[in-house]
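Step one of this worksheet: look at the structure below.
There are 2 protein chains.
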Amino acid sequence: MPDVYRALSDSTRREIMKLLKDKSLTQKEIVEAFDISQPAIKKHLTILLEEEIITVTVQGKYRLYTLNRDMLQQAFREMLHYIGDLLDDQLASLKKYVEKGEMKDD
Amino acid sequence: MPDVYRALSDSTRREIMKLLKDKSLTQKEIVEAFDISQPAIKKHLTILLEEEIITVTVQGKYRLYTLNRDMLQQAFREMLHYIGDLLDDQLASLKKYVEKGEMKDD
DNA sequence: CCAACATATAACCTAATAGTTATATGTAGT
DNA sequence: ACTACATATAACTATTAGGTTATATGTTGG
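Chains as they are written, first to last, in the working numbering: chain A, 78 to 183; chain B, 78 to 183.
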């Protein structure tokens with residue numbers, strides 16, 4: 078099971094996700110956006126891939142990384158569900174929303 | 078670095094929060110709900126305390142742990158806000174909910 | 001007071017994270 | 001075919017997380 082908390086627990090990874098918000102990027106472009114080495118970035122990308130938060134497509138010598146919005150959406154929903162259970166009454170309406178899958182899901 | 082992601086990133090801690098959903102519990106009661114040692118649980122409780130997700134009151138030889146719903150809510154809102162931003166348009170309605178603090182707040 | 005119980009702390013282990021540098025592999029353009 | 005470039009991998013370091021056992025401390029009832 079993909080663990081979104083693992084993916085989110087590192088600030089560099091959170092930054093990478095932000096970078097990928099609007100457009101897919103090659104590994105090189107991502108590397109250039111940070112001050113850390115290419116292998117370090119690669120490891121973060123591997124973790125994001127493992128948790129299925131991003132996907133990659135090969136294009137010649139490039140690797141193009143893309144945000145997996147479906148997974149993020151699912152994570153979003155799960156988190157809401159979890160916290161909804163904890164906070165119950167306070168969140169009744171929101172919870173219902175989530176459970177019904179009301180959130181424009183494909 | 079106090080980090081909400083840190084507190085929520087461990088499943089044992091998330092289980093502890095669930096346990097505390099309906100009632101405050103002593104450390105002993107919490108320990109008994111898991112298969113890991115008392116010092117291990119203690120460490121989780123310390124982290125949750127550091128992130129102010131729970132509070133503790135001393136009662137004689139007991140420590141009574143209580144969920145800090147306000148902080149928990151804030152923590153989740155932060156994470157959801159982050160993910161929501163990544164998803165943008167796709168989640169417009171739900172996102173608004175979270176951002177407006179519709180989840181019982183301020 | 002003291003024994004039993006609840007909690008705290010110390011010392012230790014292992015695995016995972018997050019980074020490094022150096023080098024290997026794969027691909028494209030000339 | 002060679003070279004330059006993009007990516008992958010190997011080997012290493014340091015730190016932290018999550019767990020252990022053993023023991024110390026604090027509290028309470030009898």
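Just so you know, even glycine gets a beta-carbon here, dropped at the ideal spot from N, CA and C. Just so you know, these numbers come straight off a predicted model, no measurement behind them.
- L141 of chain A: member of the beta strand (DSSP E) spanning 139–144, first to last residue.
- Nearest C-alpha to K105 of chain A among A:Y142, A:D162, A:F153: A:Y142.
- Beyond the five residues adjoining it in sequence on each side, V108 of chain B comes within less than 7 Å, by CB distance, of Q115, I118 in the same chain, given in chain order.
- Burial check for G161 of chain A: the Cβ neighbour count within 10 Å reaches 16 or more, so the residue is buried.
- Within the region 93–139 of chain B, the runs of alpha helix (DSSP H) that reach at least 4 residues and sit entirely inside it are, in chain order, 104–109, 115–127.
- Nearest to A84 of chain A by alpha-carbon distance, out of A:L96, A:D112, A:D147, A:T123, is A:T123.
- Close CB contacts of E155 of chain A within its chain, under the 8 Å cut and outside five residues either way in sequence, are with V81 (chain order).
- Straight across, the Cα-Cα distance linking E128 of chain B with E127 of chain A is about 28 Å.
- The C-alpha of L164 of chain B lies about 28 Å from the C-alpha of K95 of chain B.
- Pairing T134 of chain A with F111 of chain A gives a Cβ-Cβ distance that is not under 9 Å.
- Against chain B, the beta carbon of S86 of chain A has neighbours under 9 Å at D80, Y82, R83, L85, S86, listed in chain order.
- Along the region 121–149 of chain B, going in chain order, the ones with a CB nearer than 8 Å to a CB of chain A are L144, R146, L149.
- Proximity of D112 of chain A to chain B, defined by a Cβ-Cβ separation below 9 Å, is not satisfied.
- For I160 of chain B, a Cβ of chain A is located within less than 9 Å of the residue's own Cβ.
- The beta carbon of N145 of chain B lies closer than 7 Å to those of E129, I130, I131, T132 in the same chain, with the five residues before and after it left out.
- Shown here, M156 of chain A sits in a helix according to DSSP, grouped into three states.
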